[in-house]
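Before any comments, here is the structure.
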Amino acid sequence: MPESTANQRYVTGVRLGAQALSGGLEYNYSLSSGNVITGFKTDGDWEMRGGDDRVYYRQIQYCINGHWVSAASI
1 MPESTANQRY
11 VTGVRLGAQA
21 LSGGLEYNYS
31 LSSGNVITGF
41 KTDGDWEMRG
51 GDDRVYYRQI
61 QYCINGHWVS
71 AASI
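The sequence shown stops at residue 74 when you use UniProt numbering, and every number in between is there.
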């Protein structure tokens with residue numbers, strides 16, 4: 001395989017996508033695949049129930065051959 005062809009398969013960058021804010025938290029809260037938690041919004045109690053606490057999250061993206069792709073899973 002030519003080197004130029006092989007180089008098109010390498011990840012050349014990683015970034016986080018646009019920030020999003022979740023719905024209400026519960027004890028067993030989880031995000032969909034490919035997302036990471038970047039922060040919390042809380043009313044101060046941290047009881048993790050009642051729907052008043054939120055999670056900030058962003059999707060992981062990577063660059064292959066100049067194209068940014070959203071990660072399907074991590």
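For every residue, glycine included, the Cβ atom is placed at its ideal position computed from N, Cα and C.
It should be emphasised that the depicted structure is a prediction, and the values quoted were computed from it without experimental measurement.
With burial defined as no fewer than 16 other Cβ atoms inside 10 Å of the residue's Cβ, what is the status of residue i: buried or exposed?
i: D53; result: buried
i: N35; result: buried
i: Q59; result: buried
What span of residues does the beta strand (DSSP E) with residue i cover, start to end?
i: T42; result: That residue, T42, is in no beta strand (DSSP E); it is neither H nor E in DSSP.
In terms of residues, what are the limits of the alpha helix (DSSP H) holding residue i?
i: S4; result: E3 to N7
With DSSP as the reference, please indicate the residues paired to residue i in a beta bridge.
i: A20; result: Y57
i: N35; result: Q59
i: G13; result: C63
Which residue's Cα is closest to the Cα of residue i: the options?
i: G23; options: S70, E3, K41 and S73; result: K41
By Cβ distance below 6 Å, which residues in the same chain neighbour residue i in space, the five residues on each side in sequence not counted?
i: R15; result: Q61
So does residue i have its beta carbon nearer than 7 Å to some heavy atom of the ligand GDP?
i: R9; result: The ligand GDP is not part of this structure, which contains no ligands at all.
Take residue i and list the residues in its own chain whose beta-carbon comes closer than 8 Å to its own, dropping the five residues that flank it on each side.
i: Y56; result: Q19, A20, L21, S22, I37, T38, G39, F40 and K41
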